[in-house]
Amino acid sequence: MPPSLALRMNHALPVEHRERLLRVGREVSFPQGARLFEEGGHADRFWIIRAGTAALDMHVPGRRPPVIETLGIGDLVGWSWLYEPYVWQLGAEALTPLTAYEFDAVAVRLMCLNDPEFGRAVEHWVGRVLAHRLNAARARLVDLYGIYETKEPR
Amino acid sequence: MIAVPVPHRVVARQPETADTVTLCLEPVGAALPEFAPGQFAMVHSFGRGEIPVSVSSVQATGGLAHTIRSVGAVSDGLCAMRVGDVVGLRGPYGNTWELVRAYGCDVLVVAGGIGLAPLRPLILSALAEPEAYRRVNVLVGARTPGDLIARQEIESWPTAFTGVTVDQPDADWRGDVGVVTQLLGRAQFEPDDTWAFVCGPEPMIRAAARELAQRGVRRDRVRVSLERNMRCATGHCGHCQLGPLLLCQVGPVVNWAQAEPLLSVREL
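Taken in sequence, the protein lines are chains A and B. Residue numbering for the first sequence follows UniProt numbering, beginning at 1 and increasing consecutively. Residue numbering for the second sequence follows UniProt numbering, beginning at 1 and increasing consecutively.
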């Protein structure tokens, strides 16, 4: 399965786990410019985008938060809810009008605790999202700092 | 094929970014044979040397456009050219994108930075024949908004989907931020009936081609343009050799089925 498809919940989770997860989700919408969460805040929810674009940003004192990455349809918004200390590492804002499935973090963590198989599937899914974003960040570092342009003769 | 530089006059100079310009050239005397999208010329800056540059526009008059980024002595000299100056051109060299093979299929163009320049004539050709190609998608990535070439033109292309993303946004940027492959999820294409054309920095080419192949696009339908050290451009010097391929002869456009195993060999 292509890496980016494997990150989507509807591909990453087996049907029974996906349906269980969706049963505890609710549909929400955000107007353009709405803040989903702030860096340093308590990570008590997460979202899967159904339509629109969200921007992950970083707090820089005295400046407009620089956008780190944008997320689109099918993408997971937020992973800090799964790992202690459950604190958002970045902020998030709706770049366009946004609709999403919203999940209560405590409820989902409890489901993971009570059903280890479900928990493993969710952790595997979120772990792959993290790995993909780490790889993308590394690729952008190479692009920005031009490591490939400093090739020396072997 | 002509092996000595043929004088061409700069008839227009379009700054694209802080370090990139497009030079429109017309032959001073006899024109070179007609170039096709994907091919390149050896562009000679008199007194400095010559570099390979893909065509970014081909005119019926025999005129050409080359988009050049200033990264060394020769390209610095070319970027500093003014209207009326004369450069030398050899060519055409190399193969073409072979867009015609995508007839009736979805077309997916993935460009990184200045890699959009060689793809531009392909995009325009595909859009000029809407009945020939099903859905044309253009995905563009750049380091910063200031590094985007043909920015306004991109917005005017009547594609099924056009996505632009940058690594490092500025304060005015309201578009996507991230790697260009993240745009694939929004492109409109049927993987098993798609031809993809990819050009840009090699890490980006590899990431895009792998993702396309994993999504189900046939490897022999993913066409990538590889940049190597072209010197003679006539297959004699061997500087552009990639394993068994002399890229100035059988490239620069290679299908991913050929390129993937070669690009994974460390010694190459």
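Glycine is no exception: its CB is placed at the ideal position from the N, C-alpha and C atoms. From a predicted model like this one, the values you see are computed outputs, not experimental measurements.
What do you get for residue i, buried or exposed, if any count of 16 or more other CB atoms within 10 angstroms of its CB means buried?
| i | result |
| --- | --- |
| Phe46/B | exposed |
| Ser264/B | exposed |
| Leu227/B | Reading off the sequence shown, one finds Glu at residue 227/B, where the question assumed Leu. Its Cβ being crowded by 16 or more others within 10 Å, Glu227/B is buried. |
| Val126/A | buried |
| Met58/A | exposed |
| Ser156/B | exposed |
| Gln32/A | exposed |
| Arg101/B | exposed |
| Ala100/A | buried |
| Gly40/A | exposed |
| Pro153/A | Any answer about Pro153/A is weak, because its pLDDT of 48 lies below 50 and its placement is not dependable; what the coordinates show is given next. Its Cβ having fewer than 16 others within 10 Å, Pro153/A is exposed. |
| Leu141/A | exposed |
| Asn229/B | exposed |
| Thr150/A | The pLDDT assigned to Thr150/A is 47, lower than 50, so where the model puts this residue is not dependable, and the model offers no usable value. |
| Tyr103/B | exposed |
| Gln39/B | buried |
| Gly91/A | buried |
| His8/B | buried |
| His124/A | exposed |
| Ala34/A | exposed |
| Leu245/B | buried |
| Gln258/B | buried |
| Asp75/A | buried |
| His236/B | exposed |
| Asp172/B | exposed |
| Asp176/B | buried |
| Ala107/A | exposed |
| Arg69/B | buried |
Do you know whose CA, among the options, lies nearest residue i's CA?
| i | options | result |
| --- | --- | --- |
| Gly62/B | Gly84/B, Pro92/B and Gly175/B | Pro92/B |
| Ala65/B | Arg48/B, Val87/B and Gly49/B | Val87/B |
| Gly38/A | Glu27/A, Ile73/A and Ala55/A | Looking at the sequence provided, one finds Glu at residue 38/A rather than Gly. Answer by Cα proximity: Ala55/A. |
| Ala142/B | Ala213/B, Val254/B and Thr17/B | Thr17/B |
| Gly84/B | Ala60/B, Leu262/B and Cys24/B | Cys24/B |
| Ile114/B | Val136/B, Gly175/B and Thr144/B | Thr144/B |
| Leu22/A | His42/A, Leu36/A and Ile48/A | Ile48/A |
| Pro14/A | Ala121/A, Glu93/A and Ile73/A | Ala121/A |
| Leu130/A | Ser80/A, Leu113/A, Tyr86/A and Gly119/A | Ser80/A |
| Gly163/B | Gly146/B, Ala196/B, Gly185/B and Asp147/B | Gly185/B |
| Leu139/B | Gln258/B, Ile123/B, His239/B and Ser57/B | Ile123/B |
Could you spell out the range, first to last residue, of the beta strand (DSSP E) harbouring residue i?
| i | result |
| --- | --- |
| Glu68/A | In the sequence as displayed, the identity of residue 68/A is Ile instead of Glu. Start and end: Val67 to Leu71. |
| Gly91/A | Gly91 to Ala94 |
| Asp57/A | Ala54 to Asp57 |
| Asp104/A | Leu98 to Asp104 |
| His66/B | Leu64 to Arg69 |
| Val250/B | That residue, Val250/B, is in no beta strand (DSSP E); its alpha helix (DSSP H) goes Leu247 to Val250. |
| Ala196/B | Thr194 to Cys199 |
So the alpha helix (DSSP H) residue i belongs to, where does it begin and stop?
| i | result |
| --- | --- |
| Ile154/B | Arg151 to Ser156 |
| Pro203/B | Glu202 to Arg215 |
| Phe118/A | Pro116 to Tyr145 |
| Met42/B | Segment Phe40 to Ser45 is the beta strand (DSSP E) holding Met42/B; no alpha helix (DSSP H) there. |
| Ala73/B | Ala73 to Cys79 |
| Val15/A | Val15 to Arg23 |
| Ala257/B | Trp256 to Leu263 |
| Ala12/A | Met9 to Ala12 |
Any beta-carbon of chain B closer than 7 Å to the one on residue i?
| i | result |
| --- | --- |
| Leu144/A | yes |
| Arg140/A | yes |
| Glu38/A | no |
| Ala92/A | no |
| Ala136/A | yes |
| Val129/A | no |
| Thr70/A | yes |
| Val106/A | no |
| Val67/A | yes |
| His59/A | no |
| Lys151/A | Note that Lys151/A scores 47 on pLDDT, short of 50, meaning its location in the model is unreliable; the coordinates nonetheless yield the value given after this. Chain B contact via Cβ: absent. |
Does any residue of chain A bring its CB to less than 7 Å from the CB of residue i?
| i | result |
| --- | --- |
| Ser264/B | no |
| Val198/B | no |
| Pro169/B | yes |
| Asp220/B | no |
| Arg101/B | no |
| Arg231/B | no |
| Gly178/B | yes |
| Pro52/B | no |
| Pro203/B | yes |
Between residue i and chain D, is the shortest Cβ-Cβ distance under 7 Å, so that the two count as touching?
| i | result |
| --- | --- |
| Glu19/A | Checking the listed chains, one finds no chain D in this structure; the protein chains it contains are A and B. |
Return the chain-ordered ranges of every alpha helix (DSSP H) run that is complete within the region 82-168 of chain B and spans a minimum of 4 residues.
Those alpha helix (DSSP H) runs which fall completely within the region 82-168 of chain B and span 4+ residues are 116-128 and 151-156.
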